[in-house]
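Okay, here's the thing in structure tokens:
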């Protein structure tokens, strides 16, 4: 009798179903192989876990609250909880993963850290833990993203990181990732690449999901305290690469009664030519070291994505999410730029919380889905909106 493969873990080659793996240049083989063979023994070693949990608690500010949004609940005729990742140190869930990876890099003897960033939240979180540990930090960021996320660029520099603009392609997240991989190829011995999402070659998608799984671990015991049941009816999260969704879904992946809802960025409309709705537009392909769904032309060239939110402006999706989409385990919806903006302003006015533009995409799902009064809906509020105030201000100016 064979046991059913858990959705949580890839197989030994790093595949979730047919998505995943490690498609890497020869120069990176030793680095990736070192990670693959050692990451599990290191991260589950008791002294590592002790340090990880201490920093999550004392430095990142976990556990984050599970907030009953009463006015939002009334608006949608159900019970809506917000998992307040926006209250983490640095303003998003990204710190969970960077704490884990800086401790891992320390164990591996790496003296230099590189990272890619889109919205800047992962870059800030990486620069933060590098400052904490006194380690050199280089962050690659698309030139376009540096303009629209200027406060986060300033934060990274203040924290001591060197921010290098990616000036090729669309000058966004994909291009920043390309530059980070090039750096890693050129500096294989002393450098650890802290990937910020559940993308990249195995073991990164699995490793990042494990570090982010603290989100759903907390949701379970927090719901138990509030409603005497660990199981919600719905968990909703935005998806670009998909680390906050992986974290929010993780401990519910094998609970078939929980509806998992992932919301992608439709940009100016799914078929407008300016979108980042990968599951709707993508085909299987290889990008940044793994096989997943990817927006590409007939001859395999990557299609430039578009989203008002820099963190969702990515032409692919993590292999776990591609597997959840293909098997139907998660339902994938999308929100346009305008729909995300409307959801952000609604949350601000109803609950006094200004969300990141990324998280606002998840909130739009409340408008699309039909709920029962008895449902218990958890939305992962992955980040706070300080970094997006310039965009929000432009919208308010237009309305005047």
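Numbering (the numbering used here), first residue to last: 14 to 413.
All C-beta atoms in this analysis are idealised placements derived from N, C-alpha and C, irrespective of residue type, glycine included.
Endpoints, the beta strand (DSSP E) within which residue i is located
i	result
residue 153	149-155
residue 392	389-394
residue 80	79-81
Residue i: CB within 7 Å of a non-hydrogen atom of the ligand COA
i	result
residue 259	Although the ligand COA was asked about, the structure shown includes no ligands whatsoever.
Rounded straight-line distance, which links the Cα of residue j to that of residue i
i	j	result
residue 14	residue 166	For residue 14, the pLDDT reaches just 40, beneath the cut-off of 50, and the residue's location in the model is therefore unreliable, although a value from the coordinates is still provided. So the two alpha carbons sit approximately 54 Å from each other.
residue 301	residue 217	11 Å
residue 404	residue 283	21 Å
residue 114	residue 207	6 Å
residue 182	residue 105	27 Å
residue 326	residue 240	37 Å
residue 212	residue 201	19 Å
residue 244	residue 96	14 Å
residue 22	residue 128	24 Å
residue 410	residue 118	45 Å
residue 139	residue 110	9 Å
residue 259	residue 125	27 Å
residue 55	residue 186	29 Å
residue 150	residue 373	30 Å
residue 393	residue 40	38 Å
residue 366	residue 120	38 Å
residue 47	residue 53	11 Å
residue 356	residue 377	6 Å
residue 18	residue 266	11 Å
residue 42	residue 189	21 Å
residue 191	residue 253	17 Å
residue 112	residue 101	12 Å
C-beta atoms of residue i and residue j nearer than 8 Å
i	j	result
residue 135	residue 107	yes
residue 26	residue 215	yes
residue 4	residue 289	Since the first residue shown for the chain is 14 and the last is 413, residue 4 is missing from the structure and cannot be characterised.
residue 209	residue 130	yes
residue 205	residue 229	no
residue 276	residue 363	no
residue 371	residue 324	yes
residue 274	residue 316	no
residue 369	residue 341	no
residue 173	residue 193	no
residue 400	residue 162	yes
residue 137	residue 169	yes
residue 77	residue 58	no
residue 360	residue 235	no
Residue closest to residue i, alpha-carbon to alpha-carbon, out of the options
i	options	result
residue 34	377, 409 and 333	333
residue 388	371, 330 and 271	271
residue 382	348, 399, 367 and 412	348
residue 1	93, 309 and 367	This structure gives no information on residue 1, because the portion of the chain shown stretches from 14 to 413.
residue 438	354, 222 and 133	Past the boundaries of the shown model lies residue 438; the chain is included only from 14 to 413, so the question cannot be answered.
residue 251	407, 396 and 358	396
residue 61	401, 309 and 116	116
residue 146	234, 168, 122 and 287	122
residue 353	101, 380 and 72	380
residue 344	350, 358 and 375	375
residue 416	413, 322, 339 and 74	Nothing in the structure corresponds to residue 416, since the chain is present only between 14 and 413.
residue 222	331, 386 and 154	331
residue 44	253, 203, 157 and 191	203
N- and C-terminal bounds of the alpha helix (DSSP H) containing residue i
i	result
residue 357	350-364
residue 1	With the chain covering 14 to 413 only, the question about residue 1 has no answer from this structure.
residue 401	Run containing residue 401: none; DSSP gives neither H nor E here.
residue 372	370-381
residue 413	Taken as a continuous stretch (DSSP letters only), residue 413 belongs to no alpha helix (DSSP H), as it is neither H nor E.
residue 60	59-71
Inset, instruction - Can you check the region 186-219 for any beta strand (DSSP E) of at least 3 residues that lies completely inside it and give the ranges in chain order? - result: 204-207
Inset, instruction - Could you pull out every unbroken beta strand (DSSP E) segment of at least 3 residues lying fully inside the region 292-335, listed in chain order? - result: 296-300 and 303-307
Inset, instruction - Enumerate, from N- to C-terminal direction, the unbroken alpha helix (DSSP H) stretches of 4 or more residues contained entirely within the region 84-162. - result: 107-120, 134-146 and 156-161
Legend entry - Complete alpha helix (DSSP H) runs within the region 31-57 (minimum length 4 residues, chain order): 42-56
Inset, instruction - Note down, one range per segment and in chain order, each beta strand (DSSP E) of at least 3 residues found wholly within the region 216-291. - result: 247-251 and 272-280
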